[in-house]
Amino acid sequence: MSDTSDDQGIPAPEGTADIIDTDYTIGQDNIETQIGPFGLDIHNPVFLVSGLSIIAFVFYALALPEQASGFFGWLRPALTSTFDWFFLGAANIFVLFCLALIVLPVGNVRLGGAEATPDYSYVGWFAMLFAAGMGIGLMFFGVLEPVYHMAISEPLGVPSPIAEDGTIIAANVDAAREMGLAATIYHWGLHPWAIYAVVALALALFSYNKGLPLTIRSAFYPIFGERVWGWVGHVIDILAVFATLFGLATSLGFGAQQANAGLEHVFGIPVSTSVQVILITGITAIALVSVLRGLDGGVKVLSEINMLIAAALLLFVLFAAGAAAIMTEFFDGFVAYVKDIVPLSNPFGREDTGYMQGWTAFYWAWWISWSPFVGMFIARVSRGRTVREFVVCVLLIPSLVCILWMATFGGAAIEQVLADPAGSAVKAQVIDSYNPPISLFAMLEGLPLSGLTSVIAIVLVIVFFVTSSDSGSLVIDTITAGGKVDAPVPQRVFWCVFEGAVAIVLLLGGGLGALQAMVISTGLPFTVVLLLMCWAIWRGLLAERRA
Amino acid sequence: MFERIMVPVDLGHAEKLEKALLCAADLAAHYGATAVYVGVTTEQPSSLARTPAEYAQKLAAFAEDQAKLRGIATESKAYASHDPAVDLDPTLLKAVGETRADLVVMASHIPNIADHLWPSNGGSIATHTDVSVLLVR
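The listed protein sequences derive, respectively, from chains A and B. The number in my numbering is simply the position in the first sequence, starting from 1, with 25 added. Just so we're aligned: 49 in my numbering is position 50 of the second sequence, and the numbers increase by one with no gaps anywhere.
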């Protein structure tokens, strides 16, 4: 029995929806084969081409390290400084587009058809959104960025309150403090989540309501039509696999270096590549267990555990640093964000290029290069939500949580710097010298029980990496299986191990920086892609309303 | 002796199930039991169906075909799973209870080295349920 018999059921999601009429059958280009005892079900040629080109690029980075790091080291800043206006302008469009979806009637459309019910509870859903979206970044930048923007990068020309001799310039304190938080929240609030929301919504809509395979190319159906199943689509999917795998592998490599720095800071474990290789192997091994346990038993459980630990750490810092003061920071930061979001997001005629190009445009390219991965994962777990509910939960709630997180960690750190500039470890690690991986631990050092909280922070960093590695393997496996989400499990295992191996090879041979710069460079073409997606979503939603 | 025989089917590979299907049908005819065909699909569009509802219809049609072909009473029950590559066993175990089956007849492969890592679905069902299970190899 096969699916060729057309008389066996009319394609219909639960309730009304507007299925796209295509002759393409999911899996028609797949190769089902047996390698030894393991069954495989992979897309031809996406699986092979992505796998081989990833290996080729790793060899390139290893064989010609100077050339690779020279080229990509030039390319990335060249793109973010030349196209800063494009990144900023596009991100603004994504935010406005998402906000419009909340208020317009098309927000009523339900992903999966009018009668679909949500697959996950709010808690599980939200934990997974968050862990995949930015968990690890909050750990890394929560202290670094607010302090840096307050004291060094001078967004919108707000002067630093720290004089060159290290004393405090009282007149600058209030404005710089607010700007430190507002400029950070801008990078972690509405804009990044709008980027994720656009990709996730496009994939969810075209898969659950239009009946196309859950893979990146499906979102391009309105633009390319049936050609999307040919080479155009192959290239889109291969690019997405590429960005996801290298994005994950390079951050795994850097993450191991960060975790190692933390371990040295807390336990005096020396910083060495062998410790880092052990960390990558350990993270990959835990990720493998999670992969084998599947979506519900693996990623979901880990994400929920991580949410709990992160919430506990947040509450601890909140109370240890003075809840009243932090809540004031939260409201001040929130108000400053609302007040400054327009000038901060203005793409033209800016003089604070250090902040705008070095941070904002870099971040936007970074979030956008991650968006195929995070967007696809969010789509996978969001069936059954209405578009309005989806946008509120993917855009507004995570933004609020990020504001609270940044206000708490950044606020506590800024308070330490301003209260005792000479004795502050944060000032020593962020302002006097630039040691990003240590910044969080330096802040925790200024609070009680720092030994315990530092260990918790290291655990949190590691588990966030496990969830990224796990959900990344799931996403890559689905794309390289042509949108089949039930391909044999050994394939996921392969991608999870492959990602760890690429990270280790790049760590030992050098080239992490070059390839990460390459991934961020993919942000530019993907920005165009995302703008097209907005249009595709709009068309798709209108058709859905008419259905 | 048996009233309801649950037969897990993979509609995508029905040709490989021929022996198990025949065996289940013979038993159903012998005991006057109902064969309940159970299928598990993805919530995302798959090669068989673009929605869970479409899959359920295909499975129902399959069950009807079997009824006509083998002259037995049949039913069908489709499940949609978040992650069927991993959740198949728990879903089938849930189905044993929900279909009130007293016998499970299912196809299984000859064990190989991979079964140490990923036990066969049939083996796993037989281990975790208290109803009778017949694995057809």
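Each residue gets a CB set at the ideal place from its N, CA and C atoms; glycine is no exception.
Interface partners of residue i on chain B, CB under 7 angstroms
i: A:Pro-238; result: Pro-44
i: A:Ile-51; result: Pro-44, Ser-45 and Ser-46
i: A:Arg-410; result: Per Cβ cutoff of 7 angstroms: no residues; A:Arg-410 is ~13 angstroms from chain B at best.
i: A:Ser-232; result: Gln-43 and Pro-44
Beta-carbon separation (whole angstroms), residue i vs residue j, contact threshold 8 angstroms
i: B:Leu-58; j: B:Ala-84; result: So it is not a contact: roughly 19 angstroms between Cβ atoms.
i: A:Ala-93; j: A:Gly-536; result: 6 angstroms
i: B:Met-0; j: B:Val-95; result: With a Cβ gap of about 17 angstroms, B:Met-0 and B:Val-95 do not count as contacting.
i: A:Gln-454; j: A:Ala-444; result: A:Gln-454 to A:Ala-444, Cβ: 16 angstroms. No contact.
i: A:Phe-271; j: A:Met-558; result: Incorrect: roughly 22 angstroms between the Cβ atoms, too far for contact.
i: A:Met-175; j: A:Gly-205; result: 3 angstroms
i: A:Tyr-246; j: A:Val-257; result: About 11 angstroms separates the two Cβ atoms, so there is no contact after all.
i: A:Val-134; j: A:Glu-569; result: 5 angstroms
i: A:Val-360; j: A:Asp-495; result: 38 angstroms between Cβ atoms; not a contact.
i: A:Leu-556; j: A:Ile-56; result: Not quite, the Cβ-Cβ distance comes to about 34 angstroms (not below 8 angstroms), so this is no contact.
i: A:Leu-239; j: B:Pro-51; result: Their Cβ separation, rounded to whole angstroms, is 14 angstroms, which puts A:Leu-239 and B:Pro-51 out of contact at 8 angstroms.
i: A:Ala-450; j: A:Glu-470; result: 5 angstroms
Contact check, residue i vs residue j, beta carbons under 9 angstroms
i: A:Leu-237; j: A:Gly-435; result: no
i: B:Pro-7; j: B:Val-135; result: no
i: A:Gly-158; j: A:Ile-330; result: no
i: A:Leu-420; j: A:Ile-79; result: no
i: A:Lys-452; j: A:Ile-44; result: no
i: B:Gln-65; j: B:Ala-34; result: yes
i: A:Gly-137; j: B:Glu-42; result: yes
i: A:Ser-464; j: A:Ala-438; result: yes
i: A:Tyr-362; j: A:Ile-428; result: yes
i: A:Val-518; j: A:Val-83; result: no
i: A:Val-491; j: A:Leu-288; result: no
i: A:Cys-418; j: A:Trp-150; result: yes
i: A:Leu-124; j: A:Val-416; result: yes
i: A:Leu-65; j: A:Gln-516; result: yes
i: A:Asp-48; j: A:Glu-251; result: yes
i: A:Pro-462; j: A:Ala-196; result: no
i: A:Ala-222; j: A:Ile-366; result: no
i: A:Ala-88; j: A:Leu-540; result: no
i: A:Ile-504; j: A:Val-71; result: yes
i: B:Thr-90; j: B:Ser-80; result: yes
i: A:Thr-192; j: A:Val-500; result: no
i: A:Glu-170; j: A:Asp-357; result: no
i: A:Ala-506; j: A:Gly-114; result: no
i: A:Pro-372; j: A:Asp-109; result: yes
i: A:Glu-524; j: A:Ala-274; result: yes
i: A:Gly-307; j: A:Ile-60; result: no
Residues that residue i contacts on chain A, provided the C-beta gap is smaller than 8 angstroms
i: B:Pro-83; result: Val-510 and Asp-511
Chain-ordered chain A contacts of residue i [CB-CB under 7 angstroms]
i: B:Thr-41; result: Val-510 and Asp-511
Residue i: contacting residues in chain B (beta-carbon distance under 8 angstroms)
i: A:Asp-144; result: Glu-42 and His-81
Residue-chain proximity (residue i, chain C), Cβ-Cβ < 9 angstroms
i: A:Gly-497; result: Protein chains A and B are contained in the structure displayed, whereas chain C is not.
### Task
Evaluate contact between the segment 317–337 of chain A and the segment 178–188 of chain A, counting only Cβ atoms and requiring at least three cross-stretch pairs below 8 angstroms.
Counting Cβ pairs under 8 angstroms, fewer than three are found: no touch.
### Query
At a cut of 8 angstroms, does the segment 375–392 of chain A reach the segment 105–116 of chain A through at least three beta carbon pairs?
Under the 8 angstroms Cβ criterion, the segment 375–392 of chain A counts as touching the segment 105–116 of chain A, having at least three qualifying pairs.
### Task
Would you be able to state if there are at least three C-beta pairs under 8 angstroms between the segment 541–549 of chain A and the segment 383–403 of chain A?
These segments touch.
### Query
Would you call the segment 137–146 of chain A and the segment 400–411 of chain A touching, i.e. three or more CB-CB distances under 8 angstroms?
Remark: three or more beta-carbon pairs, one from each stretch, lie closer than 8 angstroms, so the segment 137–146 of chain A and the segment 400–411 of chain A are flagged as touching.
### Message
Please identify, using Cβ separations under 8 angstroms, the residues of the segment 288–320 of chain A that lie next to chain B, in order along the chain.
### Response
When C-beta distances to chain B are compared with 8 angstroms, the residues of the segment 288–320 of chain A below that value are Leu-317, Arg-318, Gly-319 and Leu-320, in chain order.
### Message
I'd like to know if the segment 80–94 of chain B and the segment 59–69 of chain B are in contact, where contact means that at least 3 CB-CB pairs between them fall below 8 angstroms.
### Response
With a cut-off of 8 angstroms, the segment 59–69 of chain B and the segment 80–94 of chain B do not count as touching, because too few Cβ pairs lie within range.
### Query
Does the segment 265–285 of chain A come close enough to the segment 532–544 of chain A to have 3 or more Cβ pairs within less than 8 angstroms?
A contact exists between the segment 265–285 of chain A and the segment 532–544 of chain A.
### Message
Quick check: the segment 221–228 of chain A against the segment 501–519 of chain A, are at least 3 beta-carbon pairs closer than 8 angstroms?
### Response
With a cut-off of 8 angstroms on Cβ pairs, the segment 501–519 of chain A is not in contact with the segment 221–228 of chain A, counting fewer than three such pairs.
### Task
Evaluate contact between the segment 292–303 of chain A and the segment 260–270 of chain A, counting only Cβ atoms and requiring at least three cross-stretch pairs below 8 angstroms.
Flag = no, the segment 292–303 of chain A and the segment 260–270 of chain A do not touch.
### Inter-stretch contact (C-beta, 8 angstroms, three-pair minimum) for the segment 305–317 of chain A and the segment 564–572 of chain A
Not touching, per the Cβ criterion.
### Query
Touch check for the segment 475–494 of chain A and the segment 209–224 of chain A: three-plus C-beta pairs under 8 angstroms?
Not touching, per the Cβ criterion.
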